[in-house]
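Residue numbers (our numbering), protein chains in the order written: chain A, 415 to 857; chain B, 415 to 857. Okay, so here's the structure we're looking at.
Here it is, written out as structure tokens:
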């Protein structure tokens with residue numbers, strides 16, 4: 415009888431192994447994809463692309479025992495050769511080829527110059543040929559950093575006593591309603607795709623006190639802008655026993671601090687590839703909604719048109735204000751008008767026209783909405799009534815308050831937007847693997 | 415100007431802090447929900463439920479300066495008292511109450527005996543009052559262990575050089591088709607909910623060599639069984655440069671080994687609450703599909719009815735066989751018939767009626783399907799043609815092979831099923847927070 419006993423050592427090496435140990439003068443094997451071939455006359459450089467980066471292999475005409483004509487860009491190969499130190503090569507070494515085994519070949523030449531440092535093609539082209547454009551070193555680095563952000567989120571919250579949950583994305587028709595909901599048939603019933611895990615994460619606060627989820631959310635909004643997606647990844651947390659919504663903001667600040675440290679430590683290579691300087695997160699200013707509006711209007715001589723919400727341009731100006739005044743990349747805007755917040759938002763007892771809520775702006779764009787939620791059953795019923803809302807379809811949500819809930823609050827962070835602003839991109843599609851927007855359902 | 419500077423120390427303590435330091439004789443504050451009140455005559459025990467477990471608080475009639483009548487089960491409170499060692503209390507300490515602050519009160523008495531060790535209510539009741547039933551200590555422990563499984567999956571794969579990806583769940587109508595797909599309208603186009611991230615994770619192998627995703631998948635199957643869900647969490651990985659599909663099985667074995675160690679180390683309390691003995695993962699037997707079928711048929715005197723697939727009863731018998739023969743809880747069944755595997759499965763060159771694929775059975779049930787995929791563009795076209803499949807709608811998937819893909823393979827693990835079998839539950843709904851099945855769209 416045969417058995418599986420776990421991961422076996424491969425006979426090929428990874429870059430990190432070649433860096434960690436001295437293989438100079440030794441013959442090794444390595445696999446990768448032929449990223450580019452550079453003919454330098456007597457010798458040629460065959461550059462392999464691996465998950466970890468590039469490896470320079472040296473081919474010497476008349477010496478290396480195979481023909482370079484056989485090797486095509488885009489082929490997956492197992493190369494064999496001797497390691498030599500070479501300061502000008504990536505990671506300080508090169509491999510003098512002694513053999514090559516072709517594992518797989520492309521069917522046609524690359525349609526995009528993915529082996530160039532910058533591809534110089536339109537975003538439209540990049541997205542329509544996504545599987546190819548992502549093979550570019552700079553393009554893929556963005557998504558490695560995105561991984562780091564999600565890792566940071568989870569690791570930080572585990573450390574703070576949060577429990578991860580997985581809640582359903584197909585949900586019953588809810589009372590919140592709205593036009594921005596994707597609808598579907600579910601075995602003869604009307605169902606919807608979840609706009610957020612809001613009700614479920616609140617439910618789970620009654621179980622685990624502190625919970626988080628990282629998953630897809632769906633918004634059928636008809637906005638065609640550089641900042642909207644119709645499906646995105648939401649980093650959500652919700653925490654019980656808070657003394658105020660400031661605790662939620664403090665937790666988000668902690669997450670950002672933790673994550674910047676993680677990125678510096680473990681994603682330095684990608685930060686360097688993209689030339690990114692990480693933002694300051696030690697001190698994040700907070701400002702009340704109406705004060706922020708006022709400050710921006712005064713300093714930049716702009717008329718306030720909508721007193722209940724921030725227009726995108728106002729987000730830009732408020733960010734600019736705090737960048738100029740205290741060199742801050744982030745700013746918490748607090749106490750949004752009750753009118754513009756969902757029914758479950760806790761109104762400010764000091765002035766119920768405002769809520770105990772906040773948005774986090776990062777370099778001119780909202781990346782988080784959060785706040786304290788109503789935890790009292792009667793207060794929730796009253797608020798729903800005052801808004802003319804029906805309790806039908808809300809029985810399960812209301813149940814959590816009937817049987818007791820601690821004071822709690824939480825937030826949702828748009829992962830693609832956070833990545834976008836961190837990398838100083840101008841379109842959220844740049845930092846989305848396979849964006850879904852008004853016109854884009856593929857790839 | 416005010417600033418957020420990160421997480422602040424609270425004036426309440428958590429259980430882990432009370433365990434890590436000696437607070438004996440000191441006055442502390444702690445928050446939690448009143449889990450139960452036990453009247454013992456002169457004293458009463460007020461048991462607080464916290465995310466980490468239970469805390470015993472002692473109320474002494476005529477001494478403790480508040481009235482116990484004011485406190486209701488299900489209330490969220492901040493208790494104040496003096497810590498005393500007490501071997502019979504959870505975690506070896508109790509708190510002699512000196513004060514209490516009610517943070518929030520329930521509106522009505524608990525509808526389920528959530529403070530009992532076992533609730534003894536039907537699964538139907540548990541699921542219809544999910545937000546309440548999950549507050550039971552044993553119920554929630556299942557989902558803490560589920561968290562550990564996902565953590566183990568991610569941490570192990572990070573260590574093996576995998577990159578996490580987030581791929582869209584709303585997809586264009588694909589050629590694979592089938593009746594088990596949820597359909598929806600996407601701005602006037604026909605769209606579907608992803609049955610699996612299969613095509614996307616293969617795409618990302620061309621970018622990062624090794625990738626994984628943990629996310630929801632959707633199956634409109636009309637099965638009403640203890641093992642089917644219409645939405646579940648899939649743990650998916652896909653790896654390039656494999657020498658054979660055995661490498662995928664070896665990686666899964668490594669994940670299981672890593673995760674059992676993690677559970678033992680960090681989830682011991684929950685394992686103890688549920689009385690779980692973890693399965694052996696050091697050696698997992700492998701057996702060919704037809705051999706497994708044959709062995710089970712012979713030993714248990716059962717006729718083979720369907721030569722192309724395993725019936726649920728056969729999965730049970732094959733598992734039983736390997737439990738009896740080599741005390742194995744897991745068994746890899748390999749080389750499934752090509753007929754029953756998707757078009758992208760790599761056929762066995764030695765006998766193309768079979769595929770280089772596998773299922774992992776765990777205690778009588780399939781929890782994983784995986785295998786090597788076709789990486790050659792022409793081979794894929796030929797296979798699609800031989801099945802009478804159209805390439806229309808498959809252009810983006812085919813593109814990844816046109817421009818070159820390394821040999822690769824991967825798998826998908828049903829998280830709820832793995833949790834179910836690990837906890838020796840008999841229905842997958844027991845290990846799903848909010849199950850979606852033929853009749854259940856709420857809560």
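Don't be surprised by glycine CBs; every beta carbon is placed ideally from N, CA and C.
Thinking residue 684/B and residue 559/B are a contact (beta carbons under 8 Å), I'd like their distance in whole angstroms, please.
5 Å
From the DSSP output, in three-state form, read off residue 470/A for me.
strand
Round the Cβ separation of residue 662/A and residue 706/A to the nearest angstrom and send it over; I've been treating them as touching at under 8 Å.
Actually they do not touch by this definition, with Cβ atoms about 18 Å apart.
Relative to the alpha-carbon of residue 842/B, which residue among 594/B, 787/B, 647/B has its alpha-carbon at the smallest distance?
647/B
Taking only three categories from DSSP, how would you classify residue 746/A?
strand
For the alpha helix (DSSP H) containing residue 556/B, name the first residue and the last one.
551-573
Among 577/A, 775/A, 821/A, 430/A, which one has its Cα closest to the Cα of residue 791/A?
821/A
In chain order, which continuous runs of the beta strand (DSSP E) of length 3 or greater are located wholly inside the region 663-731 of chain A?
698-702
What is the DSSP secondary structure of residue 615/B, counted as helix, strand or coil?
helix
How should residue 796/B be labelled, buried or exposed, when 16 other C-beta atoms within 10 angstroms of its C-beta is the threshold for buried?
exposed
Going along chain A in order, which residues have a C-beta closer than 8 Å to the C-beta of residue 522/B?
816, 817
When we look at the beta-carbon of residue 833/B and count the other beta-carbons within 10 Å, is it buried (16 or more) or exposed?
buried
Rounded to whole angstroms, what is the Cα-Cα separation between residue 774/A and residue 629/A?
20 Å
Among 618/B, 751/B, 854/B, 429/B, which one has its Cα closest to the Cα of residue 467/B?
429/B
Look up residue 796/A in the DSSP assignment and say whether it is helix, strand or coil.
helix
Grouping DSSP H, G and I as helix and E and B as strand, with all else coil, what is residue 459/A?
strand
Could you tell me which of 666/A, 690/A, 667/A sits nearest to residue 677/A, measuring between CA atoms?
690/A
Contact with chain B by residue 440/A, beta-carbon distance below 8 Å:
no
Any Cβ of chain B within less than 8 Å of the Cβ of residue 749/A?
no
Output needed for residue 524/A: all residues of its chain with C-beta closer than 8 Å, excluding positions within five of it in sequence on either side, in chain order.
487, 488, 546
If residue 763/B sits next to residue 752/B, beta carbons under 8 Å apart, how far is it from one beta carbon to the other, in whole angstroms?
At roughly 12 Å, the Cβ-Cβ gap does not stay under 8 Å, so residue 763/B and residue 752/B are not in contact.
What are the residues in the region 723-745 of chain B lying within 7 Å of chain A by C-beta distance?
740
Close Cβ partners of residue 807/A (< 8 Å) along its chain, the five nearest in sequence each way excluded
586, 587, 588, 589
What do you reckon, are the CB atoms on residue 438/A and residue 494/A nearer than 8 Å?
no
So, residue 782/B versus residue 718/B, is the Cβ gap smaller than 8 Å?
no
Whole angstroms are fine: how far does the CA of residue 444/A sit from the CA of residue 511/A?
11 Å
Short CB-CB distance (under 8 Å) between residue 647/A and chain B
yes
Supposed contact pair residue 441/B and residue 496/B - C-beta distance, whole angstroms, cut 8 Å
5 Å
So, for residue 537/B: in the same chain, excluding its five sequence neighbours on each side, which residues have a beta-carbon less than 8 Å away from its beta-carbon?
841, 843, 844
Rounded to a whole number of angstroms, what is the C-alpha to C-alpha distance between residue 553/A and residue 616/A?
37 Å
Should residue 593/A go down as buried or exposed, given a rule of 16 or more other Cβ atoms within 10 Å for buried?
exposed
Specify, as a first and last residue, the run of the beta strand (DSSP E) that residue 626/B falls within.
624-632
So is residue 580/A in contact with chain B if we call contact Cβ pairs under 8 Å?
yes
What residues from the region 514-543 of chain B come within 8 Å of chain A, judged by C-beta to C-beta, listed N to C?
517, 518, 519, 520, 521, 522, 524, 525, 543
Roughly how many whole angstroms lie between the Cα atoms of residue 534/A and residue 469/A?
24 Å
Nearest to residue 455/B (by Cα), restricted to the options 446/B, 482/B, 463/B, 431/B:
482/B
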